[in-house]
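Each remark here refers to the structure printed beneath this line.
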Amino acid sequence: MRITCPICGARDSREFSYRGAALALQRPAPDAGDDAWADYVHLRENPAGDTRELWYHEGGCGAWIVVTRNTVTHEVRSAELAAEVAR
Amino acid sequence: MRVNGKGLIDRSAPVGFTFDGVRYDGFEGDTVASALLANDIRLVGRSFKYHRPRGVLTAGSEEPNALITVGRGAEAEPNTRATVQEVFEGLEAVSQNRWPSLGLDLMAVNDLAAPFLGAGFYYKTFMWPRAFWEKLYEPVIRRAAGLGALSGLPNTDRYERAWAHCDLLVIGAGPAGLMAALVAARAGLDVILADEDARMGGRLLAETHAVAGKPGHGWVAEVLAELSSMENVRLMPRTTVTGAYDGGTYGALERVGHHRPRDDARRPRECFWRIVTRRAILCAGAIERPVAFRNNDRPGVMTAGAVRAYLNRWGVAPGRTVTVFGNNDDAHRTARDLVAAGVHVAAVIDSRPGVTLEGFRVISGAEVCNASGAKALESITIRHQGREEKIATDCLAMSGGWNPSVHLTCHMNGRPTWAGDILSFVPSPGAIPGMDVAGACNGAFSTAACLREGAEAALRAAEALGKRAAMPDLPLAEDDPYRIAPLWHVPGKGRAWLDFQNDVTVKDVKQAAVENFRSVEHMKRYTTQGMATDQGKNSNVAALAVLADATGRGIPETGTTTFRPPYVPVSIAAMGAGAEGPGFAPQRFTTSHKAATERGAPMIEAGLWYRPSYFPAPGETTWRQACDREVAMVRNAVGICDVSTLGKIDIQGPDAAQLLDFVYTNTFSTLAQGRVRYGLMLREDGFVMDDGTTARLGEQHYVMTTTTAAAGLVMKHLEFVHQCLRPDWDLSMISVTEAWAQFAVAGPKSRELLNGLLDQPIDDATWPFMSCGKIAVQGIEGRLFRISFSGEHAYEIAVPARYGDSLFRLLVARAEGMGGGLYGMEALNVLRIEKGHITHAEIHGRTTAFDIGMGRMVSQKKDCIGKTMSERPGLMDPERERLVGLRPVGAVRQILAGAHLFNEGDAAVRVNDQGYVTSTCFSPTLGDTLALAFLKRGPERYGEKVRMVDHARGVETLCEVVNPVFFDPEGGRVRG
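Listed in order, the protein sequences are those of chains C and R.
Numbers in our numbering are just positions in the first sequence, counted from 1, shifted up by 78.
Numbers in our numbering are just positions in the second sequence, counted from 1, shifted up by 55.
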């Protein structure tokens, strides 16, 4: 699999490490309640289709990247800098 | 036998090789298979299960029968296809799966027992008693069935892995592939043309028809000459593309050294390529399928296209009297070429009625129903208009039609489509993103169609990549129709082979259907059809046609099994090239590594780092002696230890302090410049991630240290928190672990040592405990931190890494002059256990700040990562297992890490479990065993006794629960 790092260009997935769903970007407020926190820390969708997930360009520039990927076709649809998505 | 005037071999270059110890001659350009056939060697192997005599069936990598072992000893390569292995002077080949010899194989008795050995035999027979499975049945079966054997010796050969990048990968260099590569290269694309053959050209090397008015191989030579002259083209012969993967990545195996003697140790045997391409064109050709009839596996029965290839490419007639049997027009070419070359053709048997040809005897509407001859074909029996006739022949060229090589198009879950006109499967469009398909593998069988499809695919690729290309004038070539009628198997008694390599017959497939293994995937696994090293390249379509027939379905409804990578076997040695021994993982060495090694320190691995375990002194015979001495040295004088492996992260910017407050449970924005603070970091789920000290060097400048093990993890975490959660904060960070060499100088004499070394002396007023700042050693600027892991008056001194070796030697010399010296990981561990300091043995991912007695370090004045979740009731429960110290109180003084704790009166069973030991050591300072452990309600139980039970090692020790800080609990020593 190849991921196009917005900073470095297209690279093999071996350069990246995987974290999980991009939901991790949406950290609840400290007082958001047990349900919101349990969802944030533990609950993940398992879609057959497009999914947004976080990859870290560990063997490259160190950027966190939001990758939109299709779990059925493995197609990587987009890769955006997490810092820009989170803003 | 060789045929004069035929073949592309170099008859001026004879090559000698051996097969089963007998020397034979071949020519440059021969494969082992063609050279053996030229020497009239028909019997080359024994079959997998029945030990049937077998000869060469094909002329390509799909060969199921002619498997040989090449080389001897550690260099032996089993299961090498004789049809792929090129001959070279001195090559040693031996046959496989026979005992005592190929000619007299006693295991051939299996063939007599064939009525009992059909599909499902193992499952039905070896069911009981269960105890016999591993001890009796499996060894016997493995001995009787099989292919080549491994030498059992370590592989001494070299292998490589490599990456390649291009605009267009063309897979296969037959007419379609050559045309595609030519058009694309002329349009300016960066092209890689890979072909598994040693010589490019594909079927054009095996056929006699002209291309552009010249012999096919002549046209090939012209195209290759043009491609070779172009800088944007890379030709990769002997390279099989083995798999298609996501994102335009392809795996390929290049045979680098197999075709020549081992005369250069640097030359690898194979190179495993990962080719990344923007577009690909599959021009993999087609594979001819055999016809299933009784005894169709006799040596001398070959595919018709292979017979033609041996004649036209290698100048070999595989028999003196050849018969041809087929259901399609292409088979007739074999007869024509043989006759033209002066080889006797006894008859052409065509299953279709009304076929007439000139120049030889044609028996139309007939079928071959048996083959006779023990170790080589002697005659065939044909059935024609209800009568049977025997024809003497030593070679039968059979053709059941051609199967497009769709394999790679299925590697990403694509399913091929049934094409009724050619009675085979063709690739479904778009099966692999970015891959086009052209030529015979697309079901276009004439040379003209291959050339046209290749050119068209190249134009599409060029257009997709934004290059302009024009359709060239296509060379004139044959455009004969391919006419075929169904013929999968010839009915009759006896066994008719489908899968030659795994000994699967028509009867086995029918048996599977009868036993309700009707799905093609079930049939495959029940009969093992298609599961040998050839992965059913010859047999898949025919086998599922038989299954379709047996289950009363059509072939499209029956479907195919799934083709998966690799297309041909790939040695693990090639895929893992370079990753053996020290290549298995990167090695990280500190700047003091050389000095430590010179002193004979055994190294232990800490992550990727190598750290000295202890420094043996003269007269010491055990690690414990060295460790005890080193601990005493630190407690009484001064010790030196390289701590550079701890992660160091430089954090700067207006919001650096904010970030630290957010990732640590405690507060760092209030830390004064020139001060250091211990920090605890949680994961978002509330458990401890890491700990370490962070120094504030300036208003907006911090240096964080992490544990050695978690350095990468923490860096990634900080980047996550910054980029993903707080992207607006203005700060930067970088790992400086390798930029600084850092040494602990620990012990009561540490300041005295430093004051003889630093350009400016230090004192307690200017450098109190937990202070930090700049220093200089002989003009070299560095940093000094007054921090302590040992509990002694101690410092860590850091200089740029290039001065590390030099400073280390200076420090050691001075320490030794003061009654101190070096200490290693063992002593470091004892020193920290004596002080109750935690490592990842304690913060192992399931412990909280509360568990390790640092609950109050989670600041209530601010949010931090993990804070909310750490406050869940279950994580604050006093009943939790919490950090304590243990000391032995009975006769047994041994405490073992990993052992569990139980109340004194309780049975040592799981339900009574009270906790477990994480770290233990013998403390020379206190003269006893000490341990850190997690115990339910631990801190409330100081003074109580618990049983430590190690079930695995059979040790039981009565312990007293104590405060985990065993030594100097008031902490007076660190303040010196």
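The C-beta atom is built at its ideal place from N, Cα and C for all residues, glycine as well.
No experiment lies behind these values; they were computed from the predicted model shown.
Query, Result
"Near-chain C residues of the segment 733-761 of chain R (beta-carbon distance less than 8 Å), N- to C-terminal order", "E739, D740"
"Nearest neighbour of R:V854, chosen from R:E881, R:W795, R:F717 [CA to CA]", "R:W795"
"Element boundaries [beta strand (DSSP E), containing C:V154]", "154-159"
"Strand pairing of R:K269, partner residues [DSSP]", "R:V266"
"Integer-rounded CB distance, given that R:I695 should sit under 8 Å from R:V885", "In fact, because the Cβ distance is near 16 Å, the residues do not count as touching under 8 Å."
"Selection of the segment 769-791 of chain R by Cβ proximity to chain C, strictly under 7 Å", "K771, E774, F775, Q778, C779, L780, P782, D783"
"Contact list for R:M912 against chain C, beta-carbon separation under 8 Å", "Residues of chain C passing the Cβ test: none, with the nearest at roughly 17 Å."
"Nearest to R:Y300 (by Cα), restricted to the options R:G489, R:R213, R:H772, R:V238", "R:G489"
"Per DSSP, cross-strand counterpart(s) of R:D85", "DSSP, once it has assigned bridges, lists no residue as partnering R:D85."
"Rounded C-alpha distance that separates R:L161 from R:R78", "25 Å"
"Closer than 6 Å: R:A525 CB and nearest the ligand GDP heavy atom", "Because no ligand of any kind appears in the structure shown, any question about the ligand GDP cannot be addressed here."
"DSSP bridge partner residues for R:T749 (one or two, in chain order)", "R:R732, R:M759"
"Where R:D589 meets chain C, residues with beta-carbon distance less than 9 Å", "By Cβ distance, chain C contributes nothing, its closest Cβ being about 28 Å from R:D589, past 9 Å."
"Every unbroken beta strand (DSSP E) within the segment 130-175 of chain R, with a cutoff of 3 residues, ordered by chain", "132-136, 146-149"
"Residues near C:I85 in its chain [Cβ-Cβ closer than 6 Å; skip 5 each side]", "C139, A141"
"Neighbourhood of C:G137 by C-beta distance below 6 Å, restricted to the same chain and skipping five residues each side", "E93"
"Cβ of R:G306 within 7 Å of any chain C Cβ", "no"
"Residues that DSSP places opposite R:W795 in a beta bridge", "R:P855"
"Distance between beta carbons of R:M770 and R:D705, contact taken as under 8 Å", "Not quite, the Cβ-Cβ distance comes to about 11 Å (not below 8 Å), so this is no contact."
"is_contact[R:D906, chain C] using C-beta, thresh 7 Å", "no"
"Enclosing beta strand (DSSP E) for R:Y581 [first to last residue]", "That residue, R:Y581, is in no beta strand (DSSP E); its alpha helix (DSSP H) goes 575-582."
"Three CB pairs or more closer than 8 Å across the segment 931-951 of chain R and the segment 963-979 of chain R", "yes"
"Proximity test, Cβ basis, 7 Å: C:G140 and chain R", "yes"
"Neighbour list for C:W133 in chain R, Cβ cutoff strictly below 8 Å", "Going along chain R, no residue has its Cβ under 8 Å from C:W133, so there is no contact; the nearest lies around 11 Å."
"Under the three-state DSSP convention, the category R:G910 falls into", "helix"
"Residue burial classification, R:F639 (beta-carbon count within 10 angstroms, cutoff 16)", "exposed"
"Euclidean distance between Cα positions of R:V417 and R:G360", "18 Å"
"Segment contact flag, the segment 673-687 of chain R with the segment 733-751 of chain R, C-beta cutoff 8 Å, min 3 pairs", "no"
"Chain C within 7 Å of R:T616, Cβ atoms only", "no"
"Opposing strand residues paired with R:I477 [DSSP bridges]", "According to DSSP, which records beta bridges pairwise, R:I477 is partnered with nothing at all."
"Burial state of R:P933, where buried means 16 or more other Cβ atoms lie within 10 Å", "exposed"
"Local conformation of R:S826 per DSSP, three classes", "strand"
"Minimum Cβ-Cβ distance from R:G302 to chain C less than 7 Å", "yes"
"Beta-carbon proximity list for R:F143, same chain, < 8 Å, skipping 5 on both sides", "V70, F72, H314, R315, P316"
"Buried or exposed by the 16-neighbour rule on C-beta atoms within 10 Å, applied to R:T86", "buried"
"Proximal chain C residues relative to R:M924, where beta-carbon distance stays under 8 Å", "W115, V119"
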